Structure formats: structure tokens, C-alpha cells
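A quick write-up on the structure given underneath.
Residue numbers (the UniProt record's numbering): 1 to 620.
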């Protein structure tokens with residue numbers, strides 16, 4: 001592809017501004033690790049919300065969603081439940097408040113407040129540090145693969161050499177540019193640049209939608225869509241057929257294992273409940289929550305993230321998919337085994353006009369840099385604050401820890417990029433991160449909230465079993481399906497198989513958690529009392545409640561469980577309507593779009609009274 005001069009100038013201008021802004025803001029983060037990792041808890045909640053949204057709006061995820069929507073149609077709106085995307089609703093409704101009340105610096109620091117600083121607490125603490133580093137390295141590998149694949153398809157220069165492919169070279173260059181301001185500026189630079197990047201993303205979304213829908217004959221388009229493509233509501237079987245127009249897509253559906261859609265939905269819901277109750281993994285999402293000034297502001301930033309993320313994201317996804325249907329379909333049909341993950345880059349590079357292409361390229365580059373910088377800011381906090389400072393140099397000068405953070409950040413980035421060099425595809429990384437790794441995280445982290453007897457030893461045992469299982473169970477499942485259950489593999493593909501892996505890992509991790517807990521003494525009484533009185537979770541805490549009441553008879557437990565569950569259900573409907581609404585409108589199903597908009601507004605009104613107006617009381 002030959003970029004127009006205006007496109008190149010727009011991209012270069014964006015890079016100069018974003019790197020310059022990052023360095024300018026970085027002066028605020030140079031004092032100590034509190035300012036470096038949490039912005040001194042002085043950043044307004046809505047800026048944190050914009051930053052969080054920008055970090056989640058990554059080019060790898062966008063490419064993945066475009067491929068899903070192209071192949072599966074409106075039912076693709078349900079497939080992000082694989083993560084699940086509605087874990088953000090649980091965070092918004094109550095988990096953000098519980099997390100922020102701790103006044104911790106990281107998720108591992110929070111663990112010490114839950115389990116204490118004895119041997120069991122330290123084991124739990126160390127396993128969280130390990131998990132945080134492993135997960136961040138995995139996500140850096142994920143975004144590395146995404147930006148490399150995207151850049152290699154959209155930029156005209158061949159940068160391949162004897163050591164790296166063209167895709168890998170582009171990824172390394174963009175990673176190096178992002179590293180410059182991220183490592184130097186910490187949380188302040190990350191938030192400031194991500195807010196600007198979010199604005200660029202929204203502008204690029206609007207431009208793409210305007211170009212995509214201009215002159216579209218919707219009656220003709222609807223007739224060309226494959227049977228079942230425009231059906232939104234889940235059915236037991238997918239009931240989508242590309243037989244007459246694009247049989248390669250049918251093969252992709254079979255490989256993904258999404259044909260038995262009802263079974264997939266049930267398993268996604270089961271997985272989603274556990275993954276959502278576990279709370280955010282120790283990464284950039286948790287760092288934003290801990291950076292909030294107050295607990296109710298942590299909840300508001302999580303709600304704001306939902307509000308400002310999904311409509312622009314799925315506007316762009318829908319518009320790019322619409323362009324693919326109109327102009328890119330013949331190219332895909334001519335390929336024996338098309339790579340659906342390159343639809344985004346091919347559409348942008350070949351079918352957008354000059355000027356608009358430059359803005360969109362800058363926006364998608366911004367989405368990568370946002371996601372990357374968010375992850376890079378998270379992992380060093382665990383290694384520097386929770387490992388190096390805690391166990392080796394607790395009394396060093398504040399600037400010493402900031403300098404250590406620079407070195408650790410570079411090491412984490414290098415490791416993540418190395419991991420990305422050997423990843424097969426976005427799909428393989430997405431499945432491993434969302435199913436295997438999260439399966440190992442869920443069990444112990446659900447129990448830590450709801451069961452007072454759960455201790456640091458149980459947490460360590462459960463997380464260790466989960467990490468080991470996440471490494472070996474998917475490989476074992478693949479081997480079994482290839483050698484003993486080939487018929488099963490042909491019917492269900494890899495999709496349901498990966499969810500089965502999640503539940504196997506969950507059971508193994510849960511068993512190790514409970515056994516490790518019951519074979520060891522409970523957490524120290526005073527630690528439990530302080531944690532419960534401060535955090536006030538609901539669940540099986542009656543024993544600790546009685547201890548707290550002995551010291552403070554006026555203490556009132558958390559009685560918000562019914563309200564929280566109501567708000568979670570309304571919130572999931574609110575979020576789902578946000579996801580599907582722009583898809584309906586962009587593809588010309590205006591009646592369905594207005595219906596989704598009505599549901600969105602009604603859910604927002606309900607949440608205004610049942611959640612937002614009650615925040616300062618419930619989060620006090």
C-alpha cells in the first residue's frame with residue numbers, strides 16, 4: 001500500500017505530540033513510586049475512566065471483534081462474554097469500592113491486607129506478584145502480535161531482515177516508541193496520553209462510520225447477507241450458513257467450535273460468574289481503581305469506562321465490517337484459507353480515502369499505544385513495590401525505586417515481546433488469556449472475598465495449582481482430542497474445548513484452595529477484623545462480624561447483596577445494549593437499533609436510582 005503524503009504527516013504529527021506530551025507530563029511522576037504508579041491518588045475519576053477505556057480499546061481486540069462480526073453476524077455481540085466483558089459491571093457495582101477501601105498500591109499489596117504478613121500471607125503475596133508478571137507478559141505478547149500484524153498489512157515499507165519478519169520489525173519499532181514516554185512518566189504520562197489517544201480514537205470512529213454508510217443500499221446489502229447472519233438472539237445451534245457465498249467461513253466456525261451456540265452460552269455464563277466475582281486481575285484495570293481518590297470515585301470511573309468504551313469501539317468495528325462486506329468480500333472469497341484477523345488492516349489500508357486513512361491509522365496506533373502503556377505501567381509496580389522494596393531494600397530513597405521501575409519496565413517489555421515473537425495468532429493468545437489463565441485465577445480470588453476462613457496458604461495453593469493447570473491442561477486437552485476424541489473435536493471444535501479447559505482448571509484450583517486452607521490455621525484474628533471492618537464485603541463473614549461487634553457494637557455489616565445483584569443484572573443489559581446498538585444502526589437495522597437505544601436509556605435511568613444515587617452511602 002502506498003500511503004498518501006497527508007497520511008504520513010498525520011501519523012508523524014500524532015507520534016511527535018504523544019511522545020512530547022508523555023515526556024512533559026513525566027516530571028510529575030519522578031518523585032516517588034506513589035506518584036509513579038498511582039499518580040498520588042490525585043487524578044480525577046473521569047480522566048481515569050477515559051484512560052481505562054483507551055487502554056481497553058486496543059488494535060488487537062478491534063481486529064478480533066471485526067473478524068467475529070464478519071463471520072458470526074449479530075450473534076458475535078455475545079462472544080465477548082468469553083472474557084467476559086461484563087466483569088466490568090461487577091467491578092462498577094461493588095468490587096471497585098471494596099478494592100479501593102484498602103488504600104493499597106497494588107493487587108499484591110492488597111493481599112497482605114487480606115491475609116496478613118505472616119508466612120501464609122507472604123506466600124499469597126508472592127504468588128500474586130508472579131501471576132501479575134505472567135499475565136502482563138502474556139498481554140504484552142498479545143498486543144505485540146496485533147500491532148505487528150496490523151502495521152505490516154497497512155504500511156508500505158518492507159522492513160524484514162535476516163533476524164525478524166516484516167511484522168515483527170514493525171511491532172518492535174512501535175513498542176520502542178511507546179516505551180519512551182511510558183517508562184519515563186509512569187501513571188501521569190499514561191493517563192494524560194491515553195486521554196488524548198481516546199479523543200483521536202473517537203474522531204477516527206466517526207470518520208470511518210461516515211465513510212462506511214455513505215451511499216450504502218441497505219436493501220441490497222440485507223439480501224446479500226448469509227442466512228442467519230442478522231439474527232441476534234442466541235439459539236441452541238448457531239443456524240448461520242455461508243454455504244452458497246463463502247464456505248471458508250463455515251470451516252472457520254467449525255474450527256472455532258461455536259456451532260453449538262446454546263452450550264457455548266451456558267458455559268460462558270458459568271465462567272463469567274466466577275471470573276467476574278474474582279475481580280480484576282492484577283493489572284492496569286486494578287491500578288486505575290487503586291489510583292482513584294475515594295472508593296465511590298473508583299466505582300464511578302468503572303461505570304464511566306463502560307459508558308465511553310463500547311459505543312465508539314463497536315461503531316468502528318461495525319463500520320469496518322460493513323466496508324469489508326461491500327468491497328473486500330471478493331478478495332476473501334478468492335483465498336483458500338483466509339486470515340480473518342487481517343480484515344481490519346486490509347480494509348483500512350486499501351479502501352479508506354487519503355486523509356481519513358491517516359486519522360484512522362493514527363487512531364488505531366493510539367489504541368495499541370494505550371493498551372501497551374497501560375500494561376507496562378502495571379507490572380513494575382508489583383516487582384518494585386511488592387518484591388524488591390518489601391524483601392530487599394525497604395528503606396531506600398524514593399528516587400531509587402523510580403529508577404528501578406525504569407529498568408524493570410524495560411525488562412518486562414523485552415520479555416513480553418519475546419513471548420509475542422513465538423505466538424501463533426491473536427486467537428490462540430486470546431483463548432489462552434481468557435480461558436486458561438483466568439481459570440487459574442478465578443477460584444482463589446472468589447473465595448478471598450466471600451469466605452472468612454480462607455487463608456493465605458489456601459490462596460497460594462489455589463493460585464499455584466491454577467498457574468500450573470493453565471500451562472498443562474490446554475495441551476492435555478488438545479492431545480486427548482487429537483488422539484482419542486477426534487469425533488468430539490470435529491463437532492465442537494476448539495471453542496467449547498477451551499471453555500471445558502477453563503472449568504477443569506477452575507475445579508483443580510478450587511480443590512487446591514480448599515484443601516490448602518483447611519489443612520492450615522486461619523488468618524490471624526486482628527487481620528481479619530481490620531480487613532472486614534474496612535472493606536465490608538458481603539458473604540460468609542458472620543464469625544468475623546461478631547468479633548468486630550464486640551469492639552464496636554454500632555458496626556453495621558454490608559446488606560447490599562440484593563441491590564448489588566439487581567444492579568449487576570441491569571448493568572449487563574445496559575452494557576449489552578451499548579454493544580449491539582451501534583451494530584444495528586451501522587448495518588441499517590434501524591428499528592432494532594432504536595429498540596436497543598430504548599433499553600440502554602431505560603437501564604441507565606434504573607441505575608441512576610438503584611446504583612449511582614446510593615454510591616456515597618454504600619461506599620462511605
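Glycine included, every Cβ here is placed at the ideal spot set by N, Cα and C. This one's a predicted model, so the numbers in the text were calculated from it and none came from an experiment.
Can you tell which of the options has its C-alpha closest to the C-alpha of residue i?
i, options, result
"residue 387", "124, 4, 73 and 92", "124"
"residue 145", "75, 94 and 421", "421"
"residue 361", "62, 539, 94 and 291", "62"
"residue 516", "504, 443 and 17", "443"
"residue 250", "234, 236, 264 and 229", "229"
"residue 298", "7, 49, 6 and 8", "49"
"residue 366", "92, 163, 608 and 194", "194"
"residue 571", "591, 605 and 225", "605"
"residue 170", "161, 331 and 152", "152"
"residue 51", "564, 289 and 216", "289"
"residue 354", "450, 419, 208 and 397", "208"
"residue 440", "411, 412 and 470", "470"
"residue 77", "232, 216 and 347", "232"
"residue 390", "322, 126 and 89", "126"
"residue 74", "614, 616 and 596", "596"
"residue 236", "255, 245 and 259", "259"
"residue 272", "86, 304 and 474", "86"
"residue 45", "12, 300, 72 and 103", "300"
Quick one: measure Cβ to Cβ for residue i and residue j, integer angstroms, because I've assumed they're closer than 8 Å.
i, j, result
"residue 359", "residue 147", "Residue 359 to residue 147, Cβ: 18 Å. No contact."
"residue 65", "residue 200", "No, residue 65 and residue 200 are not in contact; Cβ-Cβ is about 19 Å, not under 8 Å."
"residue 499", "residue 268", "7 Å"
"residue 198", "residue 575", "Not confirmed; about 18 Å, so no contact."
"residue 577", "residue 611", "Wrong, their Cβ atoms sit about 16 Å apart, outside the cutoff."
"residue 18", "residue 196", "7 Å"
In the DSSP assignment, find the alpha helix (DSSP H) that holds residue i and state where it starts and stops.
i, result
"residue 349", "343-351"
"residue 297", "295-323"
"residue 91", "That residue, residue 91, is in no alpha helix (DSSP H); it is neither H nor E in DSSP."
"residue 561", "561-586"
"residue 555", "It is not in any alpha helix (DSSP H) - residue 555 carries neither H nor E in the DSSP assignment."
"residue 527", "525-535"
"residue 270", "261-277"
"residue 247", "247-256"
"residue 108", "107-115"
Quick one, are the C-beta atoms of residue i and residue j less than 9 Å apart?
i, j, result
"residue 583", "residue 314", "yes"
"residue 461", "residue 513", "yes"
"residue 106", "residue 287", "yes"
"residue 118", "residue 456", "yes"
"residue 562", "residue 555", "no"
"residue 138", "residue 466", "no"
"residue 558", "residue 538", "yes"
"residue 369", "residue 177", "yes"
"residue 190", "residue 373", "yes"
"residue 67", "residue 344", "yes"
"residue 264", "residue 257", "yes"
"residue 532", "residue 111", "no"
"residue 449", "residue 277", "yes"
"residue 477", "residue 501", "yes"
"residue 375", "residue 143", "yes"
"residue 172", "residue 23", "no"
"residue 211", "residue 99", "no"
"residue 56", "residue 204", "no"
"residue 202", "residue 80", "no"
"residue 670", "residue 140", "One cannot answer for residue 670 here, as it falls past the ends of the chain, which runs 1 to 620."
"residue 334", "residue 585", "no"
"residue 608", "residue 296", "no"
Once DSSP output is grouped into helix, strand and coil, what is the label at residue i?
i, result
"residue 335", "coil"
"residue 241", "strand"
"residue 451", "strand"
"residue 401", "helix"
"residue 227", "strand"
"residue 612", "helix"
"residue 490", "Summary for residue 490: the model assigns pLDDT 48, below 50, so the residue's position carries little reliability; its value from the coordinates is reported in the next sentence. Helix, per DSSP."
"residue 286", "helix"
"residue 589", "coil"
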